[in-house]
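Before any comments, here is the structure.
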Amino acid sequence: MTSTDNNWPENWFVRRVRETGSTNTDLFAEALTGAPSHSVLMADNQTAGRGRLDRTWQAKPGENLLVSLLFRSEANLLASWPRIVALAATHACQELISIGQLNVDAAPITKLKWPNDLLLDGRKLGGMLSTGDHEKQFVVVGIGINVGWAPQEAVALGEFFDEEVPTPVGLLENMLRKITQIEKLSLKEQHEQYVAQLATLGKLVKVELTNGVVITGQAQDVDIEGRLLVVDTGDKSVTHVIDTGDVVHLRNADHG
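When you line the sequence shown up against this note's numbering, it's residues 1 to 256, in that order.
Right under this line is the structure:
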């Protein structure tokens, strides 16, 4: 089925299906055959959804936002799109919480864990996985956000609402509007907003690189390219520049 009855923002091309294997796989294939930038594929259920490091991404059908977004741009700008989506997702979730049934002063806080997790009061709210083609100048950004259901030890948006719980469609509508706003900002402004949302900075972290090497140190900053800068625990004169890796927050670096 195709969604045509929702209030999708202008210049977005949204298609919604009941079930598919993977929205990332499907939209990547569509990108290769000419799908336009800002194409969106949302599924009520995924049977082969994957997260980073080939982890399974599971959700109860119809309960959560499972979506992929296609962006076309110059090759040197492709890496910025996952950060734009992540930033938009945190803003969209926080806005829904602020207008929900809870006291705003007590509202939980949505943050990001580098490189690709959404956190709500420190628990995992969602995750992202991106795949692209530099030669054809596009990237597909997949994101899953727990709306009505969450696995054990994770969190869902709906847990913080007394009555009317947000819907995946409502969250997506809000998120697309946020992306439209953020992509109009300069790269510097986008970067500043992204850094401000990171819960990782200032933490003692353990980072497992894709080659199996493990680095422990203080997450100091993220550069304009989105790389994490980690000051080595054993030798503080060494700063590791990390493109990608699996991060575990150990504790705040200023607490010993």
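The beta carbon of each residue, even a glycine, is placed where N, CA and C say it ideally should be. Here the structure is a predicted model, which means the values were calculated and not measured.
Out of curiosity, what's the CA-to-CA distance linking residue i and residue j?
i	j	result
Ile99	Trp12	25 Å
Arg123	Leu77	30 Å
Leu32	Ala48	20 Å
Val205	Asn45	33 Å
Leu201	Gln220	6 Å
Glu164	Ala196	30 Å
Arg227	Gly245	10 Å
Trp8	Pro166	16 Å
Pro82	Gln152	26 Å
Lys203	Gln137	35 Å
Leu96	Ala29	32 Å
Gly144	Phe160	18 Å
Lys188	Tyr194	10 Å
Leu41	Lys236	45 Å
Ala107	Val169	22 Å
Val213	Leu250	17 Å
Val14	His240	40 Å
Thr110	Leu157	10 Å
Glu10	Ala35	17 Å
What residues are listed by DSSP as bridge partners for residue i?
i	result
Gln46	Thr20
Ala219	Val230
Leu176	None, per the DSSP bridge assignment.
Phe71	Val139
Leu66	Ala43 and Gly144
Phe161	Partner(s): none; Phe161 has no beta bridge.
Ala154	Lys124
Asp246	Glu208
Gly132	Val139
Leu119	Lys111 and Lys124
Val214	Glu208
Val241	Leu229
Check this for me: beta carbons of residue i and residue j, under 7 Å apart or not?
i	j	result
Gln218	Val231	yes
Leu125	Val155	yes
Arg72	Ser39	no
Leu66	Ala43	yes
Val140	Ser68	yes
Leu112	Ala86	yes
Thr215	Val222	The question names Thr, but residue 215 in the sequence shown is Ile. Taking 7 Å as the Cβ cut-off, Ile215 and Val222 do not qualify as a contacting pair.
Within the continuous beta strand (DSSP E) that includes residue i, where are the two ends?
i	result
Ser37	Looking at the DSSP string, Ser37 is not in any beta strand (DSSP E), and its letter there is neither H nor E.
Lys203	Lys203 to Glu208
Thr200	No beta strand (DSSP E) contains Thr200, which DSSP labels as neither H nor E.
Lys111	Thr110 to Lys113
For the alpha helix (DSSP H) containing residue i, list its first residue and its last residue.
i	result
Lys188	Leu187 to Ala196
Glu225	That residue, Glu225, is in no alpha helix (DSSP H); it is neither H nor E in DSSP.
His91	Ser80 to Ser98
**OP:** Assess, as a yes-or-no matter, whether the stretch 85 to 93 is touched by the stretch 170 to 179 under the definition of 3 or more beta carbon pairs within less than 8 Å.
**Re:** yes
Original post:
Can you find at least 3 beta carbon pairs, one from the stretch 144 to 151 and one from the stretch 183 to 193, that sit closer than 8 Å?
Top reply: no
Original post:
Is there contact here, the stretch 106 to 120 with the stretch 15 to 34, by at least three beta-carbon pairs under 8 Å?
Top reply: Touching, no, given that fewer than three Cβ pairs across the two stretches are closer than 8 Å.
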